[in-house]
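Going down the list, the sequences are from chains V and G.
In this note's numbering, each residue's number is its place in the first sequence (first place is 1) plus 2.
In this note's numbering, each residue's number is its place in the second sequence (first place is 1) plus 2.
There are 2 protein chains.
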Amino acid sequence: MLRRLFAFFVIATTSLGGCASAHRLDSWDDSAARESITDFVARVSTPGSPEYVPPAERVAVFDNDGTLWAEQPSYFQLLFAMDRVRALAPSHPSWNDEQPFKAVLENDMTALADSGHEGLVEIITATHAGMTTHEFAAIARNWINTARHPESGRSYTEMVYAPMLELLDYLRANGFKVYIVSGGGVEFLRVFAEEVYGVPPENVIGSSVRTEYAESRLGPVIRRRPEVAFVNDKAGKPVAINEHVGRRPIAAFGNSDGDHQMLRWVAAGDGLTLCVIVHHTDAEREWAYDRDSPIGKLDKALDEARLRGWTIIDMRNDWSRVFAAPMPRD
Amino acid sequence: MLRRLFAFFVIATTSLGGCASAHRLDSWDDSAARESITDFVARVSTPGSPEYVPPAERVAVFDNDGTLWAEQPSYFQLLFAMDRVRALAPSHPSWNDEQPFKAVLENDMTALADSGHEGLVEIITATHAGMTTHEFAAIARNWINTARHPESGRSYTEMVYAPMLELLDYLRANGFKVYIVSGGGVEFLRVFAEEVYGVPPENVIGSSVRTEYAESRLGPVIRRRPEVAFVNDKAGKPVAINEHVGRRPIAAFGNSDGDHQMLRWVAAGDGLTLCVIVHHTDAEREWAYDRDSPIGKLDKALDEARLRGWTIIDMRNDWSRVFAAPMPRD
Numbered sequence: 003m004l005r006r007l008f009a010f011f012v013i014a015t016t017s018l019g020g021c022a023s024a025h026r027l028d029s030w031d032d033s034a035a036r037e038s039i040t041d042f043v044a045r046v047s048t049p050g051s052p053e054y055v056p057p058a059e060r061v062a063v064f065d066n067d068g069t070l071w072a073e074q075p076s077y078f079q080l081l082f083a084m085d086r087v088r089a090l091a092p093s094h095p096s097w098n099d100e101q102p103f104k105a106v107l108e109n110d111m112t113a114l115a116d117s118g119h120e121g122l123v124e125i126i127t128a129t130h131a132g133m134t135t136h137e138f139a140a141i142a143r144n145w146i147n148t149a150r151h152p153e154s155g156r157s158y159t160e161m162v163y164a165p166m167l168e169l170l171d172y173l174r175a176n177g178f179k180v181y182i183v184s185g186g187g188v189e190f191l192r193v194f195a196e197e198v199y200g201v202p203p204e205n206v207i208g209s210s211v212r213t214e215y216a217e218s219r220l221g222p223v224i225r226r227r228p229e230v231a232f233v234n235d236k237a238g239k240p241v242a243i244n245e246h247v248g249r250r251p252i253a254a255f256g257n258s259d260g261d262h263q264m265l266r267w268v269a270a271g272d273g274l275t276l277c278v279i280v281h282h283t284d285a286e287r288e289w290a291y292d293r294d295s296p297i298g299k300l301d302k303a304l305d306e307a308r309l310r311g312w313t314i315i316d317m318r319n320d321w322s323r324v325f326a327a328p329m330p331r332d
Numbered sequence: 003m004l005r006r007l008f009a010f011f012v013i014a015t016t017s018l019g020g021c022a023s024a025h026r027l028d029s030w031d032d033s034a035a036r037e038s039i040t041d042f043v044a045r046v047s048t049p050g051s052p053e054y055v056p057p058a059e060r061v062a063v064f065d066n067d068g069t070l071w072a073e074q075p076s077y078f079q080l081l082f083a084m085d086r087v088r089a090l091a092p093s094h095p096s097w098n099d100e101q102p103f104k105a106v107l108e109n110d111m112t113a114l115a116d117s118g119h120e121g122l123v124e125i126i127t128a129t130h131a132g133m134t135t136h137e138f139a140a141i142a143r144n145w146i147n148t149a150r151h152p153e154s155g156r157s158y159t160e161m162v163y164a165p166m167l168e169l170l171d172y173l174r175a176n177g178f179k180v181y182i183v184s185g186g187g188v189e190f191l192r193v194f195a196e197e198v199y200g201v202p203p204e205n206v207i208g209s210s211v212r213t214e215y216a217e218s219r220l221g222p223v224i225r226r227r228p229e230v231a232f233v234n235d236k237a238g239k240p241v242a243i244n245e246h247v248g249r250r251p252i253a254a255f256g257n258s259d260g261d262h263q264m265l266r267w268v269a270a271g272d273g274l275t276l277c278v279i280v281h282h283t284d285a286e287r288e289w290a291y292d293r294d295s296p297i298g299k300l301d302k303a304l305d306e307a308r309l310r311g312w313t314i315i316d317m318r319n320d321w322s323r324v325f326a327a328p329m330p331r332d
């Protein structure tokens, strides 16, 4: 009761005070990157500021893989799909001799990579479809609650970046609506986004398989069909944001060329905008990769960020802490 | 300043008081329909109630045409499309001899109806595509601000139902997230939904043409392509709600068989649910139609509503006021 009253008091004083809510960006060093973010937030959220933006229009979009949580040695959802192939293999004996499934079952990452985009689609449709949305959520939830990262031995939800969690809170405290805009599957992300990031399901935008309404024995359900409906990557991201949010965001956060069009589109909006790239420079506490990485390749977007003065987060130098607890390495 | 402080006080006392926010459903008669709505809201929003639902899960979905605003003599967006055909005709001389455009230019509603679904798609793609989303919004906004309803002579945004506006406010005051889920085009609806209904763009779900990201002379834009991407009607509605919101709503409001699957899906959810049908029974103040109407046909959904005890709003008897000001009729 008292806590709730106190919360209202805080909201009231923040709104009346008319300046950016004090940040608790504790895992950030006192860097140019942090300064550019807090400066932007103050300018768009302080009433009377020439760059003031009403809360309804304070939309910030975040990529997920490599921006909010790690993405090495491979996208976590691909590791989920591979675990599903292993779990489903006993009822698909033909997979032992059939690519790309054979590669998964033999843990042959080279053969898996050789199967390319088509192989990936085959794995996704074989593991992410053929059930109701409710059933899929239960499978994904069970995995996220039990699976462990191959290098850290941690749960995947412990592989989120502490500074980015603080940033999400900081933006929300300053009246921003925060969306996740991920190449990952929307119904996979929704299983943990609310608990881990504080982002409710309706603020998650992702890739999807085709779904359809069906009247089952148990009543009406939504079924997942073995067909990729939308790939929320590259030029797909601005398209999906426009479709889902109906406004151009004023801030965008990404880490790879998959976010390039989203960043460009946000940068081209009216008024003050903020474009931020998380640059993976920390081989010790996380991973170091950019232009030559098959996962999270950052090349053209890095060039443009430097050319146009976008904010680049240097993980090694700008973050005092990467994960809530350091990753155990030998 | 004082108003804002007062608003916080109201929120605080409402939350602390722990009972449904007092309604101002002034345009509603003291009817069974109103009672069923206020009873449902009290049961799901009062802490300690056996049917209590946390605010995050209090999702209510509303059809638009015939549920929030009128839809006679034809869907308003079709009237917009016909106005666009007339406006664009000078640069398309072939339309004078070519269906379905000829029918529009000659105001021949029979020939237009004969052109069927394919004719409709041709009109939509010819009038709703080929420009950026920004340009389309400007065209739609200009129309909505200047066009007049053929029978009432009013602007279309004056053809919204006063009791439903009160209901939207009432639900929001009780912690509901309100979504529009319309067969109409999402980018058409977003032009007025926030101002007229208080529903922000991100809470509007509708039909869409295919959009694509493009690098134009003016920078990155989203272009509307002449191709229908999604029809948000019938079985499409639950699919789109699941995709967009990621939760099954607990309350749904519709008026036609186009809302039937959405209502059935919501009714099949866990816990207490509310399914409401607006029944057009008022030939004097609005229009009276149901099973035999080509617009807003209500047949199977009406049977099921009666069979399962869904709430049916009898416009003639349950609403003391339909529009904010009565429609001028001779």
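Note that beta-carbon positions come from the ideal geometry of N, C-alpha and C, so glycine has one too.
Keep in mind it's a predicted model, so treat the numbers as computed, not measured.
Those residues which DSSP pairs with residue i across a bridge
i: R226/V; result: T213/V
i: I315/V; result: V280/V
i: F255/V; result: F64/V and V278/V
i: Y181/G; result: V63/G
i: F2/V; result: No answer is possible for residue 2/V: it lies beyond the span of chain V, which begins at 3 and ends at 332.
i: S218/V; result: G221/V
i: V324/G; result: Answer by DSSP bridge pairing: none, since V324/G is not bridged.
i: R164/G; result: The sequence given here has Ala at residue 164/G, not Arg. Bridge partners of A164/G: none, in fact.
i: A290/V; result: T283/V
i: G187/V; result: S209/V
i: W30/G; result: W321/G
Proximal residues of chain V, C-beta to C-beta of residue i below 9 angstroms
i: W267/G; result: Y215, G221, P222, V223 and I224
Interface partners of residue i on chain V, CB under 8 angstroms
i: S210/G; result: E245
i: R192/G; result: G248
i: P335/G; result: Outside the modelled stretch of chain G, which goes from 3 to 332, sits residue 335/G, for which no answer is possible.
i: P240/G; result: Y215, P222 and I224
i: V352/G; result: In the structure as shown, chain G starts at 3 and stops at 332, and residue 352/G therefore has no counterpart that could be examined.
Under 8 angstroms from the C-beta of residue i: neighbouring residues of chain G
i: A237/V; result: E214 and Y215
Beta-carbon neighbours of residue i, restricted to chain V and to distances below 7 angstroms
i: P92/G; result: By Cβ distance, chain V contributes nothing, its closest Cβ being about 31 angstroms from P92/G, past 7 angstroms.
(message) Does the structure place the segment 101-119 of chain G close enough to the segment 147-156 of chain G that three or more beta carbon pairs sit under 8 angstroms?
(response) no
(request) Would you check if there are 3 or more beta carbon pairs closer than 8 angstroms linking the segment 46-53 of chain V to the segment 76-84 of chain V? (result) No, because fewer than three Cβ pairs between the segment 46-53 of chain V and the segment 76-84 of chain V fall closer than 8 angstroms, the two stretches do not touch.
(request) May I ask you to verify whether the segment 59-73 of chain V touches the segment 238-255 of chain V, counting CB pairs closer than 8 angstroms and requiring at least 3? (result) yes
(request) Note down, in chain order, all residues in the segment 29-61 of chain G with a beta-carbon under 7 angstroms from any beta-carbon belonging to chain V. (result) A58
(message) Would the segment 171-179 of chain G count as touching the segment 28-42 of chain V if we require 3 or more Cβ pairs under 8 angstroms?
(response) At 8 angstroms Cβ cutoff, the stretches do not touch.
(message) Whether or not the segment 244-258 of chain G and the segment 268-287 of chain G are in contact is what I'm after, with contact meaning three or more pairs of Cβ atoms, one per stretch, closer than 8 angstroms; do they touch?
(response) Contact between the segment 268-287 of chain G and the segment 244-258 of chain G is present, because at least three Cβ pairs lie under 8 angstroms.
(request) For the segment 250-278 of chain G, enumerate the residues whose C-beta is nearer than 7 angstroms to any C-beta of chain V, in chain order. (result) Q263, R266, W267 and A270
(message) If we require 3 or more residues per run, which beta strand (DSSP E) segments fall completely within the segment 53-139 of chain V?
(response) DSSP runs (the beta strand (DSSP E)) wholly in the segment 53-139 of chain V: 61-64.
(message) Below 8 angstroms, how does it come out for the segment 207-214 of chain G and the segment 283-293 of chain G: are there three or more Cβ pairs, yes or no?
(response) no
(request) Output, in sequence order along the chain, the residues in the segment 127-152 of chain V whose CB is closer than 7 angstroms to any CB in chain B. (result) Reference to chain B is not applicable here, since the protein chains of this structure are V and G.
(message) Closer than 8 angstroms is the cut-off here; do at least three beta carbon pairs connect the segment 221-236 of chain G with the segment 126-139 of chain G?
(response) yes
(message) Pairs of beta-carbons, one from the segment 156-170 of chain V and one from the segment 111-124 of chain V, closer than 8 angstroms: are there three or more?
(response) Taking 8 angstroms as the limit for Cβ pairs, the verdict is that the segment 111-124 of chain V does not touch the segment 156-170 of chain V.
(message) Contact between the segment 34-44 of chain V and the segment 117-129 of chain V is defined here as three or more beta-carbon pairs at a separation below 8 angstroms; is this criterion met?
(response) No contact exists between the segment 34-44 of chain V and the segment 117-129 of chain V.
(message) When you compare the segment 227-236 of chain G with the segment 189-200 of chain G, are there three or more beta-carbon pairs, one atom per stretch, that lie closer than 8 angstroms?
(response) no
(message) When you compare the segment 299-308 of chain V with the segment 122-132 of chain V, are there three or more beta-carbon pairs, one atom per stretch, that lie closer than 8 angstroms?
(response) Two segments are said to touch when three or more pairs of C-beta atoms, one from each, lie closer than 8 angstroms; by this definition the segment 299-308 of chain V does not touch the segment 122-132 of chain V.
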